[in-house]
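Below: the structure, in structure tokens.
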Amino acid sequence: MKATKWVSTAVALTLMGSVAIGCAKKEEPSASPTGDTKGTAAPAASNKPQEIKINFTAEPPVMDSSKATANAAFTFISAFNEGLFRTDKDGKATPGLAKDFPKISADGLTYTIDIRDNANWSDGQPVKAQDFVYSFKRTLDPATKGQYSFVVAWIKGGEAVTKAKTPEDVKKAQDALGVKAISDKQLEIKLEKPVTFFTQMLAFGTFLPQREDFVTKAGDKYGAEADKVIGAGPFILSKWDHGQTLELVKNDKYWDAANVKLTKATVNIVKDTNTGLNLYETDAADLAEINRDQLKLYAGKPDNLPKPELTNSYLMYQTKKVPALANKKIRQALGMAIDRQAYVDTVLANGSVSSTGLVPGGTSDGAGGDFRKSAGETQPKFDAAKAKQLLAEGLKEAGLTALPKMKVNADDTETAKKSLEFILAQWKQNLGYEAEANPVPHALRIELSSKHDFEIALSLWGADYNDPMTFLDMWVTGGEFDEGDYSNPQYDTLIKQAQAEVDPSKRAKAMIEAEKILMDDQGVAPLYFRTRAYLKKPAVNGLILPSFGQEWELKWVTIK
Numbered sequence: 003m004k005a006t007k008w009v010s011t012a013v014a015l016t017l018m019g020s021v022a023i024g025c026a027k028k029e030e031p032s033a034s035p036t037g038d039t040k041g042t043a044a045p046a047a048s049n050k051p052q053e054i055k056i057n058f059t060a061e062p063p064v065m066d067s068s069k070a071t072a073n074a075a076f077t078f079i080s081a082f083n084e085g086l087f088r089t090d091k092d093g094k095a096t097p098g099l100a101k102d103f104p105k106i107s108a109d110g111l112t113y114t115i116d117i118r119d120n121a122n123w124s125d126g127q128p129v130k131a132q133d134f135v136y137s138f139k140r141t142l143d144p145a146t147k148g149q150y151s152f153v154v155a156w157i158k159g160g161e162a163v164t165k166a167k168t169p170e171d172v173k174k175a176q177d178a179l180g181v182k183a184i185s186d187k188q189l190e191i192k193l194e195k196p197v198t199f200f201t202q203m204l205a206f207g208t209f210l211p212q213r214e215d216f217v218t219k220a221g222d223k224y225g226a227e228a229d230k231v232i233g234a235g236p237f238i239l240s241k242w243d244h245g246q247t248l249e250l251v252k253n254d255k256y257w258d259a260a261n262v263k264l265t266k267a268t269v270n271i272v273k274d275t276n277t278g279l280n281l282y283e284t285d286a287a288d289l290a291e292i293n294r295d296q297l298k299l300y301a302g303k304p305d306n307l308p309k310p311e312l313t314n315s316y317l318m319y320q321t322k323k324v325p326a327l328a329n330k331k332i333r334q335a336l337g338m339a340i341d342r343q344a345y346v347d348t349v350l351a352n353g354s355v356s357s358t359g360l361v362p363g364g365t366s367d368g369a370g371g372d373f374r375k376s377a378g379e380t381q382p383k384f385d386a387a388k389a390k391q392l393l394a395e396g397l398k399e400a401g402l403t404a405l406p407k408m409k410v411n412a413d414d415t416e417t418a419k420k421s422l423e424f425i426l427a428q429w430k431q432n433l434g435y436e437a438e439a440n441p442v443p444h445a446l447r448i449e450l451s452s453k454h455d456f457e458i459a460l461s462l463w464g465a466d467y468n469d470p471m472t473f474l475d476m477w478v479t480g481g482e483f484d485e486g487d488y489s490n491p492q493y494d495t496l497i498k499q500a501q502a503e504v505d506p507s508k509r510a511k512a513m514i515e516a517e518k519i520l521m522d523d524q525g526v527a528p529l530y531f532r533t534r535a536y537l538k539k540p541a542v543n544g545l546i547l548p549s550f551g552q553e554w555e556l557k558w559v560t561i562k
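Here the sequence shown is numbered in the numbering used here, starting from 3 and rising by one per residue.
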């Protein structure tokens with residue numbers, strides 16, 4: 003997450019599950035999602051206060067579902083709001099604000115969805131089909147500058163809205179958009195092409211409802227403060243002290259409030275894991291992410307919970323701002339000079355694995371297999387001598403005697419800072435090149451990247467759905483998330499072929515060939531596929547750590 007996704011048509015998609023804490027092998031299940039459209043009664047909560055305290059490493063950027071791109075933002079948006087569907091512990095869509103699963107036309111293009119009669123906003127107003135119509139139109143409006151507008155553009159006429167040049171043209175295109183409120187409680191969506199996993203995508207944060215009167219009144223502050231957001235989800239964002247603390251309280255107006263036992267979640271922004279561990283060990287935190295050294299202390303203990311993710315880490319190069327980075331051999335040299343195995347062993351040591359391509363292991367290939375296994379190792383191996391040779395050749399081709407000193411942007415978390423230290427040390431040792439570390443707050447790093455205002459950026463991308471396209475279509479020329487301005491016509495052609503291909507095997511083959519091109523070009527330089535290490539108090543039951551989409555899901559949490 004943080005992407006441009008144009009997804010192929012008619013592809014069978016097997017969605018990966020999540021780490022369901024309290025529903026996994028280390029705990030007995032409690033109030034967990036079942037997919038029952040009426041909602042099943044959760045086990046009675048204990049007499050203990052139903053409250054949880056969470057350490058969170060990043061200040062969430064704007065909590066506006068039309069503009070959000072970061073995992074941190076979607077995590078909170080999904081707590082205080084809800085879509086037509088919600089993702090359960092197995093990573094599957096279950097009815098949320100929708101009464102039931104959609105009625106889908108035989109050609110796979112028209113979705114008719116009934117909204118629950120008791121679906122209400124947190125202020126008690128009823129959720130209406132028009133709230134979804136408004137949300138989709140707002141996201142597509144070029145004036146909104148929503149980087150995820152491309153997924154909403156799967157709706158018939160959506161692309162025309164995004165490409166409209168004048169307010170008049172935007173309004174005309176919006177009026178023709180293939181979404182309408184048949185009644186207050188029935189929504190119709192028409193797609194440009196069949197998308198077999200569209201129901202699952204309706205659980206994604208960009209497809210959540212928005213209330214026009216509230217958004218209009220909040221103006222530019224919408225999504226920026228606790229009193230400038232509203233939702234129809236299990237919780238209410240009651241407090242947001244920027245850079246410090248956020249607080250979620252139970253939403254009694256939520257349609258399934260009877261099955262929400264948690265009354266409050268206090269989320270503290272804690273960037274230093276030593277501070278975080280101290281909070282955990284003094285009972286000031288119930289959930290905390292830990293580093294490699296702390297992980298050793300909790301090895302084999304019930305508190306220790308790994309979170310395998312469909313997330314990759316990579317270096318992104320700004321090829322227009324820095325002409326040297328437009329040279330393929332220079333990019334190859336920078337990537338090849340980093341010992342990725344040593345990186346995960348010494349800096350992370352948390353279960354993450356060194357990358358062998360762009361797409362993380364565990365990602366479906368859309369044809370019944372694992373993409374990483376099908377594609378094999380497409381990324382150049384670490385080779386210091388070859389990297390030095392490529393750098394010399396690349397500098398000569400670019401008419402340079404040396405690389406300019408460049409800043410490498412990254413988050414200002416403890417792990418990101420250590421990652422910068424390792425990468426820069428590898429370049430100095432293996433290439434004789436000295437770059438400058440530039441750790442910045444998470445929200446600023448994302449802002450700079452989205453503006454293409456960087457030289458090199460250490461980035462992370464988490465899947466929005468379990469398919470290689472969530473990673474591959476980012477790098478199509480001119481794409482919303484092609485923030486390094488990488489471009490290769492052959493790559494573009496293969497991605498377009500995969501998007502249009504209805505045969506799963508042929509589609510998978512096109513994506514494999516595309517990844518090979520990207521890795522040979524080193525348009526980006528992957529580093530590792532992420533697993534994160536958490537500690538959780540044994541009393542916390544029913545917590546879900548999804549493998550994609552958000553950091554955690556609190557709806558079904560109980561405190562024993």
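In this text, a Cβ means the ideal position worked out from N, Cα and C, and glycines have one as well.
Alpha-carbon spacing of residue i relative to residue j, whole angstroms
i, j, result
"L422", "A439", "6 Å"
"N57", "A260", "27 Å"
"I79", "A386", "44 Å"
"M203", "P441", "33 Å"
"G368", "N314", "19 Å"
"G525", "Q501", "20 Å"
"A512", "A100", "36 Å"
"M471", "P211", "25 Å"
"G480", "Y224", "28 Å"
"W570", "K130", "Because residue 570 is not part of the residues shown, which for the chain are 3 to 562, the question remains open."
"Y345", "S240", "40 Å"
"T277", "A234", "34 Å"
Counted within 10 angstroms of its Cβ, other Cβ atoms place residue i as buried (16 or more) or exposed
i, result
"D285", "exposed"
"N49", "exposed"
"V504", "exposed"
"T168", "exposed"
"S185", "exposed"
"Q176", "buried"
"E555", "buried"
"N432", "buried"
"P325", "exposed"
"T403", "exposed"
"E399", "exposed"
"Q552", "buried"
"N293", "buried"
"P406", "exposed"
"Q125", "The sequence shown places Asp at residue 125, rather than the Gln named in the question. D125 comes out exposed."
"L299", "exposed"
Three-state secondary structure (DSSP) of residue i
i, result
"A155", "coil"
"I561", "strand"
"Y150", "coil"
"A500", "helix"
"L360", "coil"
"S137", "helix"
"I546", "strand"
"L86", "coil"
"R118", "coil"
"N49", "coil"
"D229", "helix"
"G221", "helix"
"G464", "strand"
"R509", "helix"
"W123", "coil"
"S489", "coil"
"F76", "helix"
"P62", "coil"
"L556", "coil"
CA nearest to the CA of residue i, picked from the options
i, options, result
"I271", "S137, L405, D119 and A74", "A74"
"A541", "A287, T495 and A335", "A287"
"W463", "E311, L392 and T380", "E311"
"V217", "A465, A183, S67 and N352", "S67"
"L446", "N411, A418 and K430", "N411"
"Y1", "G353, A418 and Q428", "Outside the shown range of the chain (3 to 562) lies residue 1, about which nothing can therefore be said."
"P548", "A459, R342 and F206", "F206"
"D347", "R532, L281, F76 and Q52", "R532"
"V197", "G337, D109 and D143", "D109"
"Y256", "Y316, E84 and G148", "E84"
Heavy atom of the ligand NAP within 6 Å of residue i beta-carbon
i, result
"G110", "Ligands displayed in this structure: none; no statement on the ligand NAP is therefore possible."
(Q) Threshold first: 4 residues or longer. Then list the alpha helix (DSSP H) segments lying entirely within the segment 339–418, N to C. (A) 342–345, 373–377 and 386–400
Q.
Report the start-end ranges of each alpha helix (DSSP H) in the segment 246–301 that is 4 residues or longer and not cut off at the edges.
A. 275–283 and 294–299
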